[in-house]
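Notes for the one structure printed next.
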Amino acid sequence: MQQLNRALESDRLYLRPLVSEDSDMYYPNMLNEEVRRLTGTQRVFSKQMIENYIEEIQNETDRIHLLIVLKEEDRIIGEVALQDIDYVNRNSNIRIALFNQADFSKGFGTEALKLLLNYGFGVLNLHRIELNVFSYNARAIKAYEKLGFIQEGIQREVLYYNHEYHDSITMSILENEFRRNEGIG
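Going by the numbering used here, the sequence shown opens with residue 2, and the numbers climb by one from there.
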């Protein structure tokens, strides 16, 4: 990876844009059973569909889609995105996925989210960032709460996955809550 591609950086990670050349790496992760379960992905994608998707999002002005790269190994471990950015009302949705179970529970997701939240509140001047998480993803819920996200509501039995229905939990964080939690301002 070229260091020029580094958009945001922390001690262990850097975030960089997803580009067309990433389709060979990205496609197998859309077939990973655990990634699909945690994200509630039901659709099966072809490689061409992934290539088209990457091409489309590069031109969107209401989305910032970044890959999470482990600095030490220069290895892509996941993705994080601000999407549906509403510049008038100053809000957005955030999502994250780590691609490999070996990278779970090491704080990488929290670190990547913190980078993007800081960018969203500190550079894009957003006021509110929300997310949705499925009720069976207790590890993610704990990480979001640690960052200061507050549960707002539950969509009951909104996802049918693996022969049963699951709830979706909506959580959000406001800029003043993030600043207070991070000791900013």
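Glycine is no exception: its CB is placed at the ideal position from the N, C-alpha and C atoms.
Quiz prompt | Of the residues 144, 135 and 129, the one placed nearest residue 111, counting alpha carbons only | solution = 144
Self-check item: Per-residue burial, residue 181 [other beta carbons within 10 Å of its own, 16 or more giving buried]
Solution: exposed
Quiz item: Bridge partners of residue 171, per DSSP?
Solution: 133 and 154
Exercise. Indicate the three-state DSSP secondary structure (helix, strand or coil) for residue 8 in the structure shown.
Key: coil
Quiz item: Looking at the structure shown, is residue 159 part of a helix, part of a strand, or coil, going by DSSP?
Solution: strand
Quiz prompt | Sequence-distant residues of its chain with Cβ nearer than 6 Å to residue 79 (five each side left out) | solution = For residue 79, where only same-chain residues beyond five positions count, the Cβ hits under 6 Å are 69, 98, 99 and 100.
Quiz item: Quick one, are the C-beta atoms of residue 169 and residue 135 less than 9 Å apart?
Solution: It is a contact, given that the beta carbons lie within the stated cut-off.
Quiz prompt | With 16 other Cβ atoms within 10 Å as the buried cut-off, status of residue 56 | solution = exposed
Exercise. Determine the contact status of residue 9 and residue 116, defining contact as a CB-CB distance below 9 Å.
Key: yes
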